[in-house]
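Undergrad: Per the working numbering, the very first residue in the sequence shown carries number 216; after that it's consecutive.
Using N, Cα and C, we set each Cβ at its ideal position, and we do this for glycine too.
As the structure is a computational prediction, the values presented were derived from the model and not from experiment.
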Amino acid sequence: MKKTAFLLAAFFMYASCITAQRLMRKICARCREEDPMVTPKTLIELGIPESYAHKVKAYKGKGCPACGGSGTKGRIAVHEVLVMNDPVKRAILDGKAAVDIKKVAMANGMRSLRQSGLTKLAQGIVNVAEIVKTTSPDSDRPTHSAPSPTTPPQT
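Dropping the structure here:
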């Protein structure tokens, strides 16, 4: 265990953050239409706060010659950046579980892949199916940290 802690401490000296990214298929802009199957309840279950769920319109692509009938054209990245600040370092060195480290990071401002995807959903760029397929739920995520429909994506 002491050797592992030493190696982690050495790693922290050089790493200031760890990033994760996934690609999502974008909704085709030419055949994009509102998805009547997505209800505010569905959006809340995905992680959008109840106060915003009624304002968000979910879209899907119906398929057209421009997208080859798929309803999607192109891809867009969603990102998660884990900044190695003192609380995160302490959680790692204390041997906390990955889910606990994620909670600490999110309490200190980290936006998860799911939150990044939800921002793109609220902007009408991706559909609900892509969110579910590409990201995992944020367990015990505080609802106040989820993106609002008017929140621009953070870079």
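Put V341 into one of helix, strand or coil per three-state DSSP.
TA: In the sequence shown, residue 341 corresponds to position 126, counting from 1. In this structure, V341 counts as coil in the three-state DSSP scheme.
Undergrad: Unbroken beta strand (DSSP E) runs of length 3 or more, entirely within the segment 269-318: which are they?
TA: 274-276, 287-298
Undergrad: Across the segment 225-245 and the segment 265-279, are there enough close Cβ pairs to call them in contact, namely three or more that are closer than 8 Å?
TA: yes
Undergrad: I'd like to know whether the C-beta atoms of E295 and A344 end up nearer to each other than 7 Å.
TA: Here residue 295 refers to the residue found at position 80 of the sequence shown. Here residue 344 refers to the residue found at position 129 of the sequence shown. Their beta carbons are not under 7 Å apart, which means E295 does not touch A344 by this criterion.
Undergrad: By DSSP, does E350 sit in helix, in strand, or in coil?
TA: Taking the first residue of the sequence shown as 1, we reach residue 350 at position 135. Strictly speaking, residue 350 in this sequence is Thr, with Glu absent from that position. Looking at T350 - three-state DSSP - the assignment turns out to be coil, as it is neither helix nor strand.
Undergrad: Mind checking A268: buried by the 16 CB within 10 Å criterion, or exposed?
TA: If you number the sequence shown from 1, residue 268 lands on position 53. It counts as buried.
Undergrad: Would L297 pass as a contact of A320 if the rule is Cβ separation under 7 Å?
TA: Position 82 of the sequence shown, counting from 1, holds the residue named residue 297. Position 105 of the sequence shown, counting from 1, holds the residue named residue 320. Against a cut-off of 7 Å, the Cβ pair of A320 and L297 comes out as a contact.
Undergrad: If you draw a straight line from the alpha carbon of L196 to that of Q330, how long is it in whole angstroms?
TA: Limits of the chain in this structure are 216 at one end and 370 at the other, which puts residue 196 out of reach.
Undergrad: Please report the straight-line C-alpha distance between V303 and I316, rounded to a whole angstrom.
TA: Counted from its first residue, the sequence shown places residue 303 at position 88. Counted from its first residue, the sequence shown places residue 316 at position 101. Roughly 6 Å separates the two Cα atoms.
Undergrad: Using a Cβ cut-off of 7 Å (strictly closer), state whether I242 contacts chain D.
TA: Checking the listed chains, one finds no chain D in this structure; it contains a single protein chain.
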